[in-house]
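Peer 1: In our numbering, the protein residues as written are 2 to 103. The beta carbon of each residue, even a glycine, is placed where N, CA and C say it ideally should be. Keep in mind it's a predicted model, so treat the numbers as computed, not measured.
Here it is, written out as structure tokens:
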């Protein structure tokens, strides 16, 4: 599934005005930073294309109906969010292990 999602993310770059800045595919969700620069379609349509591509290749509905979006307004915020996304897989493992600690 990760390959299917990764492939669909890479295809987003084919949409004029869309740049995938950073992403992380987790076991039960996806973090994706997308930069829109004079893109002719809105973010919602970009995300719908991604979801449709993955579901079509998988042969079943993969995604929940909605998604969380946040407008990143400056470079400092962008760097903090990139760091969060980068560290999220480790954090998920630590929280899981602490939850089930005997």
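Nearest-angstrom Cα distance between residue 4 and residue 10?
Peer 2: 10 Å
Peer 1: Report back the beta-carbon spacing between residue 40 and residue 17 to the nearest angstrom; my notes put them in contact at under 8 Å.
Peer 2: 7 Å
Peer 1: Out of 57, 42, 70, which has the shortest C-alpha to C-alpha gap to residue 31?
Peer 2: 70
Peer 1: Which class does residue 26 belong to by DSSP, given the choice of helix, strand or coil?
Peer 2: strand
Peer 1: In whole angstroms, what separates the C-alpha of residue 63 from that of residue 74?
Peer 2: Residue 63 and residue 74: Cα-Cα distance of roughly 30 Å.
Peer 1: In angstroms with no decimal places, state the Cα-to-Cα distance between residue 33 and residue 6.
Peer 2: 11 Å
Peer 1: Would you mind giving the Cβ-Cβ distance between residue 13 and residue 51, rounded to the nearest angstrom? I have them listed as a contact below 8 Å.
Peer 2: Confirmed, about 6 Å.
Peer 1: By the 10 Å Cβ neighbour count, where 16 or more other Cβ atoms means buried, how is residue 72 classified, buried or exposed?
Peer 2: With a 10 Å radius around the Cβ and a threshold of 16 neighbouring Cβ atoms, residue 72 comes out exposed.
Peer 1: State the Cα-Cα distance for the pair residue 47 and residue 68, rounded to the nearest angstrom.
Peer 2: 12 Å
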